[in-house]
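Undergrad: Encoded as structure tokens, here's the structure I'll be asking about.
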Amino acid sequence: MLQLILLALVAAVALLQLYAVLGRRMGRQPEEGAARPEPAGAVRRPAVPLTTEPAPLEETPSGLSAVRARDPSFDPQVFLASTRNSYRTIVTAYAAGDRDSLAPLLTEDVRKAFEAGISEREAAGREEGVDMPQPPRSDVETVDFDGDTVRIGVRFLGELVQTQKASGDAEPRVVHRRTAELWTFERNLADRDGAWRLAGVDVAEA
1 MLQLILLALV AAVALLQLYA VLGRRMGRQP EEGAARPEPA GAVRRPAVPL TTEPAPLEET
61 PSGLSAVRAR DPSFDPQVFL ASTRNSYRTI VTAYAAGDRD SLAPLLTEDV RKAFEAGISE
121 REAAGREEGV DMPQPPRSDV ETVDFDGDTV RIGVRFLGEL VQTQKASGDA EPRVVHRRTA
181 ELWTFERNLA DRDGAWRLAG VDVAEA
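Last residue of the sequence shown? That's 206 in our numbering, and every number before it is there in order.
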């Protein structure tokens, strides 16, 4: 009987020592959550989203890009340079009453309005002249389409020196003024040789 008790004590001591060395692993251990290094050469796959956004639709060209889409030869810088030249020619020709210079640069409606203004001035016996100390500043403000016709609004900021002489005046009156106007030019894109013509003039913000 004593021998059995001694054997049981020896076995218990042995189990306690084994427990102290190995420790008891119960439940989830901290080291189990640690990331395990991947084997050399392993390739990580990119995460795949659970949902995908539809591809954006191709935007419809607008503004000057729409004009370029309809007419690949259209150059905005060349257009603005051309309209600045037209601005100077139209302003000076109107002041001088030069109908022949105005005609090819204006639409029919604008030509009639300008000629009426010239005729009224002539009937009143008034004379005018205009000088531009420097080229006007020009910026594209609007672009609109009506079928094959495109209309581009250009805002001009200019400085004019006007001479005005009424009937009976001994000397002309000189007026310095700044202008802020929105000039609308139009062109039929179906006509490759068509020119830009002035289709309207409105007051603009400086």
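By construction, the Cβ of each residue, glycine as well, lies at the ideal position given by its N, Cα and C atoms.
The structure presented is a predicted model; accordingly, all values stated were derived computationally and were not measured.
#1: Leaving out five residues on either side along the sequence, give the residues of the same chain with a beta carbon under 7 Å from the beta carbon of L105.
#2: For the stretch 101 to 115 and the stretch 128 to 143, state whether three or more C-beta atom pairs, one from each stretch, are separated by less than 8 Å.
#3: Quick check on R197: does DSSP put it in helix, strand or coil?
#4: Classify V203 as buried or exposed, calling it buried when 16 or more other Cβ atoms lie within 10 Å of its own Cβ.
#5: For P138, which beta-bridge partners are listed by DSSP?
#6: Taking only the alpha-carbon atoms, compute the straight-line gap between D191 and A170 and give it to the nearest angstrom.
#7: Would the beta-carbon of V150 fall within 9 Å of that of L189?
#8: Just the C-alpha distance for S167 and D146, rounded to the nearest angstrom, thanks.
#9: Would you report the Cα separation of R126 and P72, rounded to the nearest angstrom?
#10: Buried or exposed: which applies to E31, given that a residue is buried once 16 or more other Cβ atoms fall within 10 Å of its Cβ?
#11: On a CA-only basis, which of K112, E120, A81 is nearest P136? Give me that one, please.
#12: Rounded to a whole number of angstroms, what is the C-alpha to C-alpha distance between P133 and E205?
#13: For R177 versus Q162, is the C-beta distance shorter than 9 Å?
#14: Should R67 go down as buried or exposed, given a rule of 16 or more other Cβ atoms within 10 Å for buried?
#15: Using only the alpha-carbon positions, how far apart do E120 and A69 sit?
#16: When the Cα atoms are used, what is the spatial distance from K112 to A96?
#17: State the DSSP-derived secondary structure class of D148, mapped to helix, strand or coil.
TA: With the structure as the only source:
#1: S86, T89, I90, R197, L198
#2: no
#3: strand
#4: exposed
#5: Position check: residue 138 holds Ser in this sequence, whereas Pro was assumed. Bridge partners of S138: F156.
#6: 50 Å
#7: yes
#8: 45 Å
#9: 46 Å
#10: Low local confidence applies: a pLDDT of 47 at E31 is under 50, so the model's placement there is unreliable, with the coordinate-based value given in what follows. It is exposed - the Cβ of E31 has fewer than 16 other Cβ atoms within 10 Å.
#11: A81
#12: 21 Å
#13: yes
#14: Arg is not the amino acid found at residue 67; the sequence shown has Val there. Answer is buried; the Cβ neighbour count reaches 16.
#15: 43 Å
#16: 16 Å
#17: coil
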